[in-house]
Amino acid sequence: GLGYHTVHQLAQTPNMVLFMGARRMTAAAEAIVQITPDVHPTSRVFPVYIDLADEKTIADAKDAVAAKLKELGVPGLDFLINNAANGGSPVVLALTVNIASTIAIKNAFYPLLNKGGEIINISSELGSQARHAARPPISFEGHDLMVYAASKAALNNLTLQWAFEEEEKGSGIRVVAICPGPNSTSIAHFSSFGMHPSVGCGVMVNEV
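Under the UniProt record's numbering, the letters of the sequence shown match residues 1 to 208, in that order.
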């Protein structure tokens with residue numbers, strides 16, 4: 001998906017220390033094996049266990065990242081990408097993963113962000129209120145994505161609130177929402193109309 005390809009492409013850049021969150025560590029290990037031949041000699045990729053439906057794992061992930069940064073002598077994080085999402089079923093899980101966990105991750109990892117760092121929330125055109133108000137409205141292509149769309153609208157609102165908050169504090173931390181466009185991922189049921197994630201992740205890679 002988008003997360004894998006984002007890590008893969010960023011890892012080819014010099015002097016990168018990347019933490020790849022994963023709910024299934026066996027899958028993360030396999031992913032790292034696949035991308036290792038392309039990782040720049042001065043860059044490193046570390047898997048971190050995290051289950052977005054379980055706040056304790058978010059706190060544990062933050063502690064693991066903090067410990068590794070200290071071990072490597074790295075002062076902090078330059079960017080935090082909130083990418084994982086649930087397509088909308090069941091509803092409570094979707095809202096937990098898409099909204100509640102994003103808040104929990106931001107709160108947990110915020111102390112690790114360097115001044116001038118960036119929080120990048122991966123949103124969607126489906127979260128655009130203007131697009132939903134237009135006629136004809138957005139088509140869901142026969143998929144039940146209403147909850148997903150509502151959660152992304154909420155994410156856009158959160159992003160604006162956080163951005164204004166950081167601006168008022170003068171922290172130097174930027175908060176942005178990025179829409180990578182339609183991608184052929186599991187949420188889109190691997191629809192043929194979407195871009196391959198290796199292309200869609202480009203907007204995320206360029207932002208970093």
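From the three backbone atoms N, C-alpha and C, an ideal C-beta is built for every residue, glycine too.
Can you name, in chain order, every residue of its own chain whose Cβ lies under 8 Å from the Cβ of Asp38, other than the five neighbours on each side?
Short of 8 Å from the beta carbon of Asp38, and not among the five residues preceding or following it, lie these beta carbons of its own chain, in chain order: His8, Ala11 and Gln12.
State the beta-bridge partners of Pro47 as determined by DSSP.
Per DSSP, Met20.
Asp54 by DSSP, collapsed to three states: which one?
Coil at Asp54, not helix or strand.
Apart from the five residues on each side of it in sequence, which residues of its chain come closer than 7 Å, Cβ to Cβ, to Tyr4?
If we look at Tyr4 and ignore the five residues flanking it on each side, its Cβ neighbours are Ala31.
With a CB to CB cut of under 6 Å and the five nearest residues on each side skipped, what residues in its chain are close to Ala154?
Closer than 6 Å at the Cβ level, and outside the excluded window around Ala154, lie Ile99.
If I measure Cβ to Cβ from Ala66 and keep anything under 7 Å in the same chain, skipping five residues before and after, which residues do I get?
Within the same chain, and ignoring the five residues on either side of Ala66 in sequence, the residues whose Cβ sits closer than 7 Å to its Cβ are Leu112.
According to DSSP, what are the bridge partners of Ala177?
For Ala177, which the question treats as bridged, DSSP gives the partners Asn121.
Can you tell me whether Ile103 is helix, strand or coil according to DSSP?
It is helical.
N-terminal and C-terminal residue of the beta strand (DSSP E) that Ile81 is part of
Per DSSP, the unbroken beta strand (DSSP E) holding Ile81 starts and ends at Leu77 to Asn82.
Answer with buried or exposed for Asn107, where buried requires no fewer than 16 other C-beta atoms within 10 angstroms of its C-beta.
So Asn107 counts as exposed.
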